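One structure is given here, and the rest of the page talks about it.
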Amino acid sequence: MKKYLFIIVTLLTAMACQKDNLQTQSTVALIQIDKPQNLKNAQLSHIKLTAREANTGLTTLLDVSPEGLLTQKLPFGSYTFSLEATISYEVGEEKVQGKAKSYVENVLVKPETSPTVCKFFLINEKANFVIKELFYTGNTTPEGKSYNGDKYFLIYNNSDSVLYADGLLISQSKFLTSAQNMYTPDVMNEAFTTSQIVMIPGDGDDYPIQPGAQFVVANNAINHLEYNSNSLDLSTAEFEIDLIASINVDNPLVPNTIGVTGSLLMNNQGLQSYVIAKLPKDVSVDQYLKDNFYTYSWKNALGNTQTSTGYKLPNDYIIDAVNVGIQQNYQWLVTAPSIDMGYTYTSVINADLNRFGKSVIRKVLSTSATGKDILQDTNNSAADFIPQAKPSLYK
Amino acid sequence: MFFLANFVQFKFSLIKDNTNYTVQMRQIYSSLCVGIVLLSSGIDVLYAQQNSKNLLQITTSSTNQVIPRATIHLLGKKEYSLTTDANGQLDFTQIPAGSYILELRHIGYKAFRQRLQLPLSQPLLIALNRLEIAIDEVYITAKESSNISRSSVINRKAMEHLQPSSFTDILELLPGGRAKDPSLMQVNGINLRAAGNPSSNYDINSLGTAFVMDGNAINNNANIQSVNGFSTSGNNERRNISNIGVDMRSLNTDNIEKIEIIRGIPSAEYGDLTSGVILIDRKKGFTPWSARLKSDGFSKLFSVEKGFTNLKRNFKINIDAGYLDAKSNPTDIYTNFKRVNASVRMEKTWQKERATYVYSNNLDYKTTIDGERIDPDNDFLLTDKYRSQNQEFRLANNLKVFFKKLDWLKSLDFTSNLSYSSNRIEETRLFQAKSAEILTNSLLPGSHEASFIKPSYISNLTVDGQPFTAQTKALAKIVFNKTPLKHHIKVGVESNYSKNFGKGQQFDLDLPPTSSLTARPRAYDDIPGLHLLTAFAEDQLSIKAGKHRFEAMLGIRAFSLTSLDQRFDLANKVQVDPRANVRWELPTVQLAGSPLRLSLSGGYGIHTKTPTLSMLYPSLFYRDITELSYYTADPATRLAWVNTSIYDPTNRQLSNSRNKKWEFGADVSYKSNQFSVNYFQENLQDGFRDMSHFETISFTKYNSNSVDPTNLTSKPSITDFTGEAQQQYYGYQRVENGSQVNKKGIEYTFSSARIRGINTRVTVNGAWYITKYNTSQAYYKTIPSNVITDGKTLQYLGYYEDPDGNTYEQLNTNLTLDSYLPQWGLTFSSSIQSLWYFDTQRQYMSGSPVGYYDIEGQYFDYTEANKTDGILSNLTTKYGENIFDKYRTPIDLQVNFKVTKDIKQRIKASMFVNRLFTYTPSYERNDVTIRRRSAAPYFGMEISINF
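Order-wise, the sequence lines are chains A and B.
Residue numbers in the first sequence follow the working numbering, run continuously in steps of one, and reach 405 at the last position.
Residue numbers in the second sequence follow the working numbering, run continuously in steps of one, and reach 985 at the last position.
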């Protein structure tokens with residue numbers, strides 16, 4: 011009799027232990043995946059969850075299925091969820107792969123909890139400054155005469171960390187997208203050919219730009235409405251281009267860019283492309299100019315050889331490139347396809363009278379974790395830009 | 039006999055009836071009929087032979103056929119136009135008694151002229167000769183003249199057949215010429231004996247061609263219409279008439295009787311030229327009322343003319359007027375060119391015992407208008423307008439005295455030739471600032487405050503030029519015939535005065551037509567007048583040596599500018615132009631019964647052109663550099679400072695342009711066939727052109743950031759700003775003798791006699807020209823302005839010895855077949871014009887300077903190492919490997935047709951088609967195939983009516 015009682019108690023104890031085990035685990039359907047906004051056909055895969063328990067400090071790494079099911083069970087507790095996933099989505103016709111992240115704090119894992127909403131945000135690892143807008147056509151006055159003091163570049167911090175504008179180079183291409191020639195030597199796969207470069211001043215940390223913030227580099231940072239009621243007020247621009255040769259108006263409140271070479275006057279038809287770049291820390295401006303000056307030649311339509319000179323801007327230095335052309339005259343890209351594969355425009359035909367007062371603006375892809383816009387940068391300006399747009403700085 | 043037989047028959051038929059009654063009726067009837075015939079033509083008239091001998095009968099001499107409906111003109115106290123009836127008869131009963139000259143011109147027959155006294159005592163019988171021999175004298179192409187100076191003569195018939203819109207079209211007939219569409223939207227300057235169309239640096243070619251109208255030279259030295267430095271309108275460039283000589287599109291051709299273009303070495307009587315002389319003789323004497331109307335793809339032309347002759351008083355007067363309206367293309371009526379011209383010319387002759395006096399007086403008015411306006415449907419810019427009008431009045435008086443009894447002095451010639459022009463350019467533009475621009479209008483040099491330009495305003499620019507020229511000339515012709523060496527001597531003096539009385543450029547300095555002014559308003563009447571005094575002497579010698587004949591024209595022309603102040607090199611400097619032409623006529627050789635004539639000729643001459651008024655007294659140059667453009671948000675605190683530098687580009691060392699020409703040629707003629715060929719060389723080293731001169735400008739570049747705008751309430755003072763002293767090279771244009779033109783070539787003309795039966799003449803003419811244009815002096819050029827050195831621009835100046843220029847070569851042949859068929863009143867020509875090739879070659883340039891100056895003015899040699907330096911390499915222009923190759927454009931062939939039809943002798947209708955057929959094959963250049971599509975045919979027609 012005592013023998014059977016011992017066995018029953020052991021069995022009951024064992025059953026009791028089992029019951030305890032069930033109580034420390036949760037269900038596997040714990041996460042509701044909220045995909046990043048505005049992405050077409052987004053699919054998340056290889057989702058990894060780093061769960062850190064607040065009280066014990068224990069960090070658990072788990073895989074999550076695309077439907078949001080944990081492959082392992084998670085003990086109850088108060089966690090901080092940090093998720094990382096590979097995301098594939100469509101931009102136009104192209105399929106793009108990227109990374110997405112999610113971060114949720116104070117997740118209570120307990121019995122019968124509803125799934126935690128994990129909002130994913132797109133992460134651009136190589137994110138940096140991008141050219142957000144190019145306003146190069148200038149405006150016409152109400153009487154129809156041309157006005158060109160109000161051109162500007164708009165540059166945006168597309169990453170999620172603070173970047174410094176100091177030393178950023180803005181450059182206009184030497185070649186025209188409407189005139190394709192066989193240049194010898196042909197350096198386009200390694201470098202961008204230019205003869206007009208300006209540089210944002212600063213030592214290295216004078217001009218911090220917050221993530222999601224932008225800055226304006228204007229031809230003349232003045233209130234143009236005094237001269238042309240069709241124009242805009244650029245007196246609050248962050249930088250002003252110091253045009254050495256032509257009309258140079260100086261707003262003393264706005265720091266001037268430094269002229270590296272040439273006088274950057276944007277072509278008002280949109281026949282030249284633009285890049286932003288930074289020189290490596292050990293390369294000074296003088297050294298750069300000396301090393302990269304080159305002479306090239308080509309045959310023109312009559313068969314005559316012509317030569318000219320320019321500076322090479324290595325593709326490795328380039329942060330962002332935008333090709334601009336005229337729809338009906340477009341012949342070729344003037345940057346390597348690896349840095350930009352398409353072109354955007356404000357003119358449909360040559361000398362298009364409707365081009366004035368229009369700019370090209372980069373599209374918004376998604377929103378970041380901090381609520382800022384993430385601009386689309388697939389290195390294809392045809393897909394990334396809105397052509398013939400109303401300049402964003404207009405009221 | 040035939041005529042008499044007719045008459046007799048007629049008489050008999052009448053008598054057959056009731057005689058007495060019929061005779062009386064006949065008398066009355068014949069008077070009535072005479073009256074009727076005078077009022078209308080072509081009605082059969084019954085003549086009573088015994089009542090009137092006062093009549094005319096016209097027949098042909100060869101076949102004795104009557105000529106019906108022939109028009110005769112009677113010139114006497116009054117003029118009459120009468121027409122013969124169907125029987126070729128004409129009664130003079132209605133014409134009052136008196137002395138008359140009878141003129142008869144009928145298609146296909148030689149003109150007939152005879153004095154007669156009315157009423158006639160005998161019927162006058164005129165038998166006309168067919169124009170067969172005279173047909174050979176009809177030229178509708180240019181004829182190589184028999185003058186000792188090599189020249190081409192173009193007469194009225196050729197001009198009528200050519201149907202020109204302006205003088206430019208006449209040049210097609212010269213050897214080397216080719217049919218070209220009229221280009222009336224830009225100034226047409228002449229360039230004789232040259233291949234290629236060079237830039238305005240070689241305007242000496244057209245400036246150096248003299249135009250002499252009825253013995254009076256057209257002087258354009260005081261013409262200064264220019265908007266240089268004021269206007270950004272591109273159209274003004276091609277309408278700039280200053281320093282180009284004569285704008286050929288302003289010359290109409292309707293009243294011209296004959297043109298002689300002296301391509302070779304002109305007589306010493308003509309001067310102030312480097313190239314050639316165009317002699318224009320206008321119609322004098324009787325012409326019927328006539329109107330001409332021409333229309334082609336670009337323009338419409340209308341003109342009327344009439345000439346009167348009063349034989350009793352020996353007085354002739356000619357009047358004409360014309361209008362041309364041309365558009366750049368039919369769809370753009372706002373860019374256009376108009377020309378209006380009117381002329382009154384008279385001549386009176388007095389026959390005295392000792393001498394004949396001929397006095398002539400020409401009064402001309404001409405205006406050309408270039409207009410441009412924006413199409414109101416296309417644009418907002420309703421205010422923008424451009425108008426350039428040149429009005430010219432010309433009064434010429436000439437008195438010639440022909441001595442009848444003096445042995446040696448043959449004639450004296452006195453001329454006074456006055457011209458006054460009112461030239462006005464008016465441009466209204468809506469100016470709108472492109473940004474916050476600075477108004478730079480200071481008249482004083484130095485650093486000063488400036489204001490920001492008004493954002494939008496209407497600017498009015500007026501350029502008022504009033505050139506006035508006065509020429510007086512006296513010429514004596516002396517003959518020594520006693521010795522075997524015969525002398526025809528011309529001696530003369532000439533005085534030429536030019537001045538511009540215009541107010542010059544006028545605009546409101548605060549509302550300038552452009553924000554980048556490099557000049558300021560200048561009154562032209564501040565410029566002193568220019569006076570050129572000339573004396574010339576020339577001897578035309580001839581001597582016969584056996585069967586040979588030698589002829590020479592040796593002349594000398596001495597001239598000096600007497601009005602310049604002493605600081606000018608040219609002031610009162612006397613220069614001498616020698617001119618020599620010789621000709622050797624070989625003895626005639628009998629070939630198949632007709633003489634073959636051969637002559638060899640040659641010549642050498644120096645031809646000099648003095649500088650014009652605007653070259654000797656140019657406008658000042660202004661250079662404004664912005665030193666500070668402190669543009670704050672509050673307009674009251676803005677400040678702009680500008681440094682103005684003023685340069686006087688007067689070149690007191692400017693010398694005349696001299697062209698040395700020599701040539702030789704041969705002329706052969708046989709039975710109305712003529713062949714001429716000549717070779718020439720011309721060398722001009724000191725043609726006028728603008729060349730850049732450089733100075734360093736010192737200024738202060740103020741730092742906008744040195745004054746904090748945040749607490750400013752009023753404009754800061756310039757002393758508050760820190761600045762950096764800087765220097766820059768600045769260039770301005772100065773007239774120099776920097777152009778070199780070398781011309782070389784062969785011209786040939788062959789014209790056959792008219793082939794009998796079809797009356798067709800074959801003319802083959804053409805030329806081979808090599809023309810070299812280049813700079814004749816070393817020149818300077820700054821480093822390109824976009825090269826930045828230490829934040830500054832324009833810090834280096836290169837010195838170049840490269841001969842910047844081009845060589846052009848062309849060979850052309852025109853084969854013209856023209857048929858003159860007077861019996862049908864038809865003139866028909868077809869011309870196959872082939873430009874066999876056209877070569878162009880850029881003269882080799884190394885592209886590198888010989889040395890350079892830095893901003894301190896220190897000179898360095900330009901080394902190989904400099905060619906790769908980041909900054910100094912920009913002083914070298916790199917030329918591609920093929921740039922200096924010779925490029926050939928192959929054959930360009932065009933076929934043109936022209937037809938003129940005389941209708942009833944009163945109406946002449948003409949039509950022409952140029953480029954009806956063309957052959958322009960594609961060609962390869964550097965592995966690129968160039969396809970040529972020739973322009974569409976150019977055609978037009980005209981009608982001229984004689985009343």
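For every residue, glycine included, the Cβ atom is placed at its ideal position computed from N, Cα and C.
Since we're looking at a predicted model, the values are computed, not measured.
Phenylalanine 726(B) sits away from valine 779(B), with the two beta carbons spaced by 7 angstroms or more. Judged by DSSP secondary structure, glutamate 198(B) falls outside any beta strand (DSSP E) and instead within the alpha helix (DSSP H) spanning 194-200. With respect to the C-alpha of glycine 177(A), the residue from Ser378(A), Thr356(A), Tyr327(A) and Glu104(A) having the closest C-alpha is Tyr327(A).
A direct Cα-Cα distance of roughly 20 angstroms separates asparagine 519(B) from alanine 393(B). Comparing alpha-carbon positions, the option among Phe539(B), Leu549(B) and Ala508(B) lying closest to serine 497(B) turns out to be Leu549(B). Chain order gives no chain A residues near glutamate 774(B), where near means a beta carbon separation below 8 angstroms; the closest approach is about 27 angstroms. Here the region 424-438 of chain B lies against the region 461-480 of chain B, with 3 or more beta-carbon pairs under 8 angstroms apart.
For asparagine 243(B), the enclosing alpha helix (DSSP H) starts and ends at 242-245. Nearest to alanine 678(B) by alpha-carbon distance, out of Asp260(A), Pro221(A) and Leu343(A), is Asp260(A).
What isoleucine 826(B) touches in chain A, judged by beta-carbon distance under 9 angstroms, is Ile254, Gly269, Val270, Thr271, Gly272 and Ser273, going in chain order.
Following the DSSP letters along the chain, one finds glutamine 53(A) inside the beta strand (DSSP E) bounded by residues 50-63.
About 7 angstroms separates the CB atoms of arginine 676(B) and phenylalanine 490(B); that is less than 8 angstroms, so the two are in contact. Between the alpha carbons of isoleucine 173(B) and glycine 776(B) lies a distance of about 50 angstroms.
Interface annotation, tyrosine 890(B): not in contact with chain A, CB-CB separation never under 7 angstroms. In this structure, the CA atom of tyrosine 304(A) is about 46 angstroms from the CA atom of proline 46(A). Residues are counted here when their Cβ sits less than 8 angstroms from a Cβ of chain A; for the region 652-667 of chain B these are Thr664, Leu666 and Ser667, given in chain order. A Cβ of chain A is located within less than 7 angstroms of the beta carbon of asparagine 743(B). For the pair asparagine 325(A) and threonine 664(B), the Cα-to-Cα distance works out to about 37 angstroms. Within the same chain, Lys739 come within 6 angstroms of glutamate 762(B) by CB-CB distance, once the 5 residues on both sides are set aside.
Residue state for asparagine 138(A) is assigned as coil, using DSSP reduced to three classes. Chain-ordered, the chain A residues with CB closer than 7 angstroms to the CB of leucine 468(B) read Glu153 and Lys155.
In the three-state DSSP reduction, aspartate 387(A) falls in the coil class, being neither helix nor strand. Note that the C-beta distance between glycine 367(A) and asparagine 149(A) is below 7 angstroms. Arginine 62(A) and leucine 54(A) have their alpha carbons spaced roughly 22 angstroms apart. Within the region 265-323 of chain A, the runs of alpha helix (DSSP H) at least 4 residues long that lie entirely inside it are, in chain order, 295-302. No Cβ of chain B is located within less than 7 angstroms of the beta carbon of glycine 320(A). For leucine 222(B), there is no enclosing beta strand (DSSP E), as DSSP marks it with neither H nor E. For methionine 209(A), the enclosing beta strand (DSSP E) begins and ends at 201-209. Residues of the region 915-931 of chain B with a C-beta less than 7 angstroms from any C-beta of chain A: Lys916, Tyr917, Gly918, Glu919, Asn920 and Ile921, listed in chain order. Contact between glycine 214(B) and leucine 245(B) is ruled out by a C-beta separation of about 20 angstroms, above the 8 angstroms threshold.
Per DSSP, leucine 230(B) is not a residue of any alpha helix (DSSP H), being assigned neither H nor E. Judged by beta-carbon spacing, glycine 280(A) lies beyond the 7 angstroms limit of serine 369(A), meaning their Cβ atoms are not closer than that value.
The contact set of proline 747(B) on chain A, defined by CB atoms closer than 9 angstroms, consists of Asn261, Pro262 and Leu263 in chain order. At a C-beta separation below 9 angstroms, glutamate 236(A) has these neighbours in chain B: Ala474, Pro493 and Pro673. Sequence-distant Cβ neighbours of leucine 481(B) in its own chain, meaning closer than 7 angstroms and more than five residues away, are Arg558.
Per DSSP, serine 88(A) lies in no alpha helix (DSSP H) segment; the continuous beta strand (DSSP E) that holds it begins and ends at 87-101.
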